[in-house]
Every structure is written in structure tokens, then in C-alpha cells.
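Chemist:
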Amino acid sequence: MRRKKIYLDFAATTPVDPRVLRVMAPYFSQKYGNSASLHSLGQEARMKLEDCREKIAKMISAETSEIIFTSSATESNNLALKGIAFANKDKGRHILISSIEHESVLQAGEWLKKEGFEVEELKVDSYGLVDLDDLKRKIKKETILVSVIFVNNEIGTKQDIEKIGKICRKKGVFFHTDAVQAFGKIPIDVKKMNIDLLSASSHKIYGPKGAAFLYCKKGIKIIPLLHGGGQEFGLRSSTVNLPSIVGFGKAAEICQREMKKETERIEKLRNFFVKEILSQIKGVHLNGHPEKRVPHIVNFWLEGIEGESLVLRLDLEGICVSTGSACSSFSLEPSYVLLALGLKPWQAHGSLRFSFGRLTKKEDLIFTVKTLKKIVEDLRRISPFKLEK
Amino acid sequence: MMLYNKKVLEHFRHPHNFGKMKNPDAIGKAGNLVCGDVMYLYLKIGKNKENEEIIKDVKFETLGCAAAIATSSVITDLIKNKKLNEVFDFGSQKIVKELGGLPPQKIHCSLLATEALKEAIYDYFKRRKRKIPEKLKKEHKRILRQQRILERRYHKK
């Protein structure tokens with residue numbers, strides 16, 4: 031009875047595109063050279079590495095020397111926050127981050143607090159948008175860095191990055207954005223958007239896990255987390271993970287080429303899905319901004335139901351999604367992102383995230399709505415909290 | 005599906021004895037919306053041939069994760085037709101054992117069911133204006149105190 035899996039969790043990770051896998055293959059055991067070696071195998075690797083760097087730099091209107099390859103977006107975010115903080119602490123020790131950052135930014139911030147930095151949170155409104163007046167008010171003489179997530183991974187809300195960048199530039203504060211859910215999905219121009227630092231990852235755009243980058247604008251003082259052989263302009267020592275970076279480069283290239291068409295396709299599917307869910311299932315509410323959002327992420331909360339049980343019931347029917355419920359997290363706390371939006375804990379517990387991608391088809395969404403409807407009815411019959419008629 | 009075993013999933017998908025009960029002799033409520041788990045346990049108390057009080061019927065309503073729903077379902081199986089004085093000291097280990105185990109981070113979910121049962125028996129004694137055993141009184145107080153702590157924690161946020 032179990033049919034093929036319907037994967038609607040593309041914001042968590044994506045499958046590697048076969049076209050990406052193909053170009054990666056030779057770099058494991060044929061072109062295996064170390065890009066730091068002088069001989070031809072090494073130089074061949076070096077050239078390929080620089081080729082990937084150039085491709086990615088172009089995509090965000092950066093220069094090649096401004097792209098530092100890392101192993102994950104978590105590493106990129108850590109490098110941005112800690113690297114900037116320690117390199118610029120003579121100027122000040124004040125850092126501003128939004129309250130809906132990814133854990134890797136929040137936790138790096140928490141650690142910096144223990145190291146004597148003042149890390150302050152920026153408020154977001156009920157849609158998850160950073161309050162620009164709050165930002166202007168909170169930037170002070172000692173502020174060295176502002177970090178705001180480009181597209182939130184749970185609710186899909188897209189910040190007004192250009193405006194935030196402008197404010198930071200005017201005040202002479204570095205601006206970092208975690209663009210993991212934006213890179214490869216929406217056009218990014220670091221110059222036009224006044225972005226000083228930007229993190230992005232390969233596995234969210236149909237590339238392999240284990241590759242990511244940090245864009246760091248030329249001339250900005252930053253110190254490395256990893257010391258060693260001096261790879262990546264001395265900012266990230268480690269033997270370069272070329273197979274993954276080659277895959278990342280190819281994945282980025284495909285995303286760039288297909289972006290417009292794919293965005294339109296996903297947008298249509300998303301609009302259809304949201305309309306169907308809201309009209310067919312009672313007591314469902316859309317989280318996040320109605321317009322300022324990316325098409326590939328939607329988040330709802332469902333009255334009278336707990337999210338983990340929804341996710342598991344859907345999984346038993348072959349549908350993979352995620353939730354902000356406490357029961358599904360390691361910490362047993364509900365999603366801090368949804369709470370920051372002003373949702374009550376029980377609303378966060380009843381939340382469900384669907385994220386779409388290249389494999390998503392309309393018939394999958396039709397099946398998902400139908401299945402979800404039945405599961406919601408089942409769980410509400412078990413729940414002591416009934417919908418008000 | 006790796007997190008839960010087959011038996012847990014079976015109870016989760018097809019829970020036994022769920023729904024609201026008409027005119028119950030006792031209701032036990034446990035859990036909290038702040039945590040995301042809430043359980044109502046309804047009891048109908050009758051007597052066996054020996055004139056001892058037994059749980060004649062039991063139903064539950066639960067909002068919660070798979071572990072909460074599965075433990076709710078299994079406790080109704082375990083206490084149905086049992087003598088009231090037999091289920092007094094019902095521990096959560098029994099439920100976990102009956103289910104063939106729960107993931108470590110989900111063990112606490114099984115407390116929801118035992119607390120609802122204790123609250124239901126407390127409610128039964130109270131409704132009948134009978135003397136409530138000290139142990140049950142203490143448990144009742146502890147459960148209420150826990151609720152208050154949770155609510156305070158939430159309002160502080």
C-alpha cells in the first residue's frame with residue numbers, strides 16, 4: 031500500500047541532481063590532486079577550484095577573491111560572526127542579530143556573549159520582518175556587525191535585504207546575511223544590496239553536503255577559525271574538498287540557468303497548494319508574510335493538533351514534511367522562530383512546514399492535501415480540543 | 005520509520021477507546037497546552053460479582069505527539085475491567101513495557117497517561133465525597149504545582 035515517497039522537505043535538504051553527480055565523479059579517484067600541490071594533478075585541481083569560485087562569485091556579483099569555501103553554512107555563519115567580532119573588537123563589541131536567525135548564528139552569538147561581546151536581538155513583526163526602525167535605533171557607536179537571515183528557513187519570509195544593507199552601510203556597520211534559503215533561488219547582488227558578508231550552502235540547491243561558502247567583501251578585517259596550511263586566502267585552512275565544491279559549482283550553475291522558470295513553476299504549485307489547504311481543511315492558518323516570501327516554503331498552524339503526530343502520520347503515508355513542535359526537537363522547546371512572530375506555544379506545536387523543489391509535482395500536492403485532510407480529521411477526533419463550529 | 009517501534013505506531017495510528025464519554029463517573033486531566041500534550045481520561049466505575057469497584061469503561065482524548073497518543077491508548081487497555089484498588093499505583097514503566105519501549109526522549113510522555121489516571125481516581129473519590137488517600141492527595145498537589153510552574157514559565161517569556 032505504500033506508494034513512492036513524496037518529499038516536501040526541500041528546505042531541510044535536497045537530493046543531488048544527477049547532472050551534478052556526474053561532474054563530481056572524476057574528482058574522487060581520477061582527478062584527486064590536492065589543490066595546494068605543485069605538480070600537474072595538483073594544478074589541475076587548483077584550476078578547477080578557481081573555476082568554481084569564479085562561477086559562484088559571478089552569481090552574486092562578487093569578485094573571486096571574495097569567496098571563501100567552507101564545509102557548511104554553519105561554519106560560514108560562525109566564521110562571519112566570530113571572525114568579524116575578534117578582528118574588529120577594537121572598534122566595538124556590539125553585535126545585532128535578528129531573533130529569527132538560524133541556530134548557527136544564534137549560538138555563535140551566545141558564545142560571543144561569554145567572550146565579552148554584547149549581542150542584542152532585533153525584533154521582528156508578526157510576519158517575521160525585521161523592524162527597520164528598531165534596527166536604526168539599536169545601531170550604536172560600538173556596533174560592529176549586523177546579521178539578518180535573508181530568507182527564514184521555517185516560514186519563508188524574505189527580508190528587505192537591500193534596505194537593511196543601506197542602513198548598515200550608512201552607519202558604517204558590517205552587514206552579514208545567512209542566505210542559505212535564498213542563494214540559487216532568488217537573484218542576489220551583493221553590491222546592489224550592500225551586503226558585506228553572505229553565507230550559502232550546496233546541499234540546499236541540489237549539490238552535495240559538505241560544501242558551502244562565505245562571501246566576505248574585499249578589505250574587511252576578518253580572522254580565521256581554522257589555522258593551518260593557509261588555504262582559502264588564509265581564512266580557512268584545510269585541504270580543499272574539491273569533489274563537493276565541484277558539485278556545488280555545477281549545482282549553482284544549474285540553479286542560475288533555471289531560476290526564472292523554476293521559480294514560476296514552484297510559485298504556481300505553491301499558490302495552488304495554499305488555496306487547496308485553506309479551502310479544504312478547517313482551522314488552518316498560514317504563517318509568515320503573505321507576499322514577502324519565497325515560493326518554496328510554506329508554513330501553517332493547525333488548530334487542536336500537535337505537529338509531531340502530524341509529521342509521523344504523513345510519513346506513514348509516504349509524505350515527508352517538518353514541524354516546529356517541541357516534541358520533534360532535541361530541546362523539547364517549540365520553534366523560537368514561530369514564538370518570535372508572536373505565536374502561542376500551542377500554535378507553534380501545531381505547525382507544519384512544506385517546502386517544494388525540483389521533484390515536486392502537482393499530483394503529489396493533490397495527494398498531500400487529500401491525505402492531510404483525513405489525518406487532521408482523525409487527530410481532531412482524538413483531541414480534547416474541538417474546532418468551534 | 006525508525007523512531008518508534010511497530011506496536012507504538014499501531015496504537016498511534018489506531019488508538020483504542022478514544023473519544024468523549026457521556027456522563028463519566030470521573031475525569032482526569034493532565035498535561036498542558038504550553039508543552040503541547042494534553043490528555044483527558046474518562047472513567048465509568050462499576051462493581052464485579054465480589055462487589056468490588058472496577059473500571060467498567062474508559063475513554064480518552066489526547067492532543068499530543070505519537071508517544072502521548074500511544075501511551076493514552078495502551079493505558080485504557082491496561083486498566084479496563086481492573087479493580088480500582090489495583091490501578092492505584094499504576095506506574096509509567098508498565099505502559100512503556102507494554103509498548104515494547106519508547107525512545108529515551110519520549111519516556112516522559114508516558115507520565116501524561118499515569119497522571120491523568122491518578123487525577124481521574126482523585127476526581128472519583130472527590131465526587132463521592134470519600135476520604136482521599138494521602139498518596140493521591142500528594143500526587144494531585146504535585147501535578148497542580150507543576151502546571152503552575154509551566155504557566156509561569158510561559159508568561160515570563
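First to last, the protein sequences are chains A and B.
Reading the first sequence from the start, the letters are residues 31 to 419 in my numbering.
Reading the second sequence from the start, the letters are residues 5 to 161 in my numbering.
Positions of the beta carbon are idealized from the N, C-alpha and C atoms, including for glycine.
I want to see whether chain A comes within less than 8 Å of A4/B, judged by CB atoms only; does it?
Modeler: Residue 4/B lies beyond the range of chain B shown here (5 to 161); nothing can be said about it.
Chemist: Determine the burial state of H144/B: buried for a count of at least 16 other Cβ atoms within 10 Å of its Cβ, exposed for fewer.
Modeler: Classification for H144/B: buried.
Chemist: In chain order, what residues of the same chain have a beta carbon less than 8 Å from the beta carbon of N85/B, not counting five sequence neighbours either side?
Modeler: Excluding residues within five positions, the ones whose Cβ falls inside 8 Å are I58, I59 and K60.
Chemist: Could you check the C-alpha separation between I216/A and E133/A for me, to the nearest Å?
Modeler: Rounded to the nearest angstrom, the two C-alpha atoms are 23 Å apart.
Chemist: In terms of residues, what are the limits of the beta strand (DSSP E) holding S77/B?
Modeler: S77/B -> not in any beta strand (DSSP E); alpha helix (DSSP H) instead, spanning A70 to I83.
Chemist: Going by the beta-carbon positions, is the gap between I179/A and I130/A smaller than 8 Å?
Modeler: In contact: I179/A and I130/A (Cβ atoms closer than 8 Å).
Chemist: Can you tell me the Cα-Cα spacing of L340/A and V78/B, whole angstroms?
Modeler: Computed Cα separation, rounded: 20 Å.
Chemist: Over what stretch of residues does the beta strand (DSSP E) that includes K33/B continue unbroken?
Modeler: From DSSP, the beta strand (DSSP E) with K33/B extends over A30 to N36.
Chemist: Output yes if chain A places a C-beta closer than 8 Å to the C-beta of T1/B; else output no.
Modeler: What the structure shows of chain B is the stretch from 5 to 161, and residue 1/B is not part of that stretch, so it cannot be assessed.
Chemist: For a minimum of 3 consecutive residues, which ranges assigned as the beta strand (DSSP E) are wholly contained in the stretch 80 to 150 of chain A?
Modeler: Segments of the beta strand (DSSP E) lying fully in the stretch 80 to 150 of chain A: 97 to 100 and 124 to 128.
Chemist: Need the endpoints of the beta strand (DSSP E) that H15/B sits in, please.
Modeler: Run containing H15/B: none in the beta strand (DSSP E); it sits in the alpha helix (DSSP H), K10 to R17.
Chemist: Whose Cβ in chain B lies nearer than 7 Å to the Cβ of G334/A?
Modeler: In chain order: L67.
Chemist: Span of the alpha helix (DSSP H) holding D164/A?
Modeler: Per DSSP, D164/A belongs to the alpha helix (DSSP H) from L162 to K168.
Chemist: According to DSSP, is V210/A helix, strand or coil?
Modeler: Correct three-state label for V210/A: coil.
Chemist: Between S355/A and E333/A, how many whole angstroms is the CB-CB distance? I'm expecting something under 8 Å.
Modeler: S355/A to E333/A, Cβ: 14 Å. No contact.
Chemist: Measuring only the C-alpha atoms, how far is E306/A from G313/A?
Modeler: About 13 Å.
Chemist: Going by other Cβ atoms of all chains shown within 10 Å of its Cβ, with 16 needed for buried, is T269/A buried or exposed?
Modeler: Answer is exposed; the Cβ neighbour count stays below 16.
Chemist: Residues in its own chain within less than 6 Å of M31/A by CB, not counting five upstream and five downstream?
Modeler: In this prediction, M31/A scores a pLDDT of 45, lower than 50, which makes its location untrustworthy; no coordinate-derived value is stated.
Chemist: What beta strand (DSSP E) runs, 3 residues minimum, are completely inside the stretch 293 to 351 of chain A?
Modeler: Counting only runs of 3 or more, we get 314 to 317 and 327 to 332.
Chemist: With 16 other CB atoms within 10 Å as the buried threshold, where does H18/B fall?
Modeler: Looking at its Cβ environment, which holds fewer than 16 other Cβ atoms inside 10 Å, H18/B is exposed.
Chemist: In whole angstroms, what is the alpha-carbon distance linking I327/A and Q211/A?
Modeler: Cα-Cα distance, rounded: 9 Å.
Chemist: DSSP three-state label for Y62/A, please.
Modeler: Y62/A falls in the coil class under three-state DSSP.
Chemist: Going by beta-carbon coordinates alone, are K247/A and R49/A separated by less than 8 Å?
Modeler: No, the Cβ-Cβ distance between K247/A and R49/A is not below 8 Å.
Chemist: Where do the N-terminal and C-terminal ends of the alpha helix (DSSP H) with R383/A fall, by residue?
Modeler: From DSSP, R383/A is part of no alpha helix (DSSP H) but of the beta strand (DSSP E) over S381 to S385.
Chemist: Please state the DSSP three-state secondary structure of C246/A.
Modeler: Correct three-state label for C246/A: strand.
Chemist: Compute the Euclidean distance between the alpha carbons of K161/B and R388/A, then round it to the nearest angstrom.
Modeler: Because K161/B carries a pLDDT of 49, less than 50, the predicted location of this residue cannot be relied on, and the following value inherits that uncertainty. Computed Cα separation, rounded: 39 Å.
Chemist: Using alpha carbons as the reference points, say which of F64/B, L67/B and D93/B lies closest to P137/B.
Modeler: Comparing Cα positions, the closest option is D93/B.
Chemist: I want to know whether the stretch 101 to 111 of chain B touches the stretch 144 to 158 of chain B - three or more CB-CB distances under 8 Å.
Modeler: No, because fewer than three Cβ pairs between the stretch 101 to 111 of chain B and the stretch 144 to 158 of chain B fall closer than 8 Å, the two stretches do not touch.
Chemist: Which value, in whole angstroms, describes the spacing of the CA atoms of A70/B and V406/A?
Modeler: So the alpha carbons of these two residues sit roughly 14 Å apart.
Chemist: Helix, strand or coil, according to DSSP, for D408/A in the structure here?
Modeler: Residue state, collapsed to three classes: helix.
Chemist: Under 8 Å, do V276/A and V135/A count as touching if we go by C-beta distance?
Modeler: The answer is no: Cβ separation not under 8 Å.
Chemist: Out of R287/A, P45/A and T187/A, state which residue places its alpha-carbon closest to the alpha-carbon of D155/A.
Modeler: When only C-alpha atoms are compared, the closest one is T187/A.
Chemist: Three or more C-beta pairs under 8 Å: does that hold for the stretch 155 to 169 of chain A against the stretch 345 to 352 of chain A?
Modeler: Touching, no.
Chemist: Are the stretch 222 to 232 of chain A and the stretch 189 to 198 of chain A in contact at 8 Å, needing three or more beta carbon pairs?
Modeler: Yes, since at least three Cβ pairs between the stretch 222 to 232 of chain A and the stretch 189 to 198 of chain A fall closer than 8 Å, the two stretches touch.
Chemist: I want to know whether the stretch 75 to 91 of chain A touches the stretch 134 to 150 of chain A - three or more CB-CB distances under 8 Å.
Modeler: With a cut-off of 8 Å, the stretch 134 to 150 of chain A and the stretch 75 to 91 of chain A do not count as touching, because too few Cβ pairs lie within range.
Chemist: Per DSSP, what kind of secondary structure is T44/A in: helix, strand or coil?
Modeler: Looking at T44/A - three-state DSSP - the assignment turns out to be coil, as it is neither helix nor strand.
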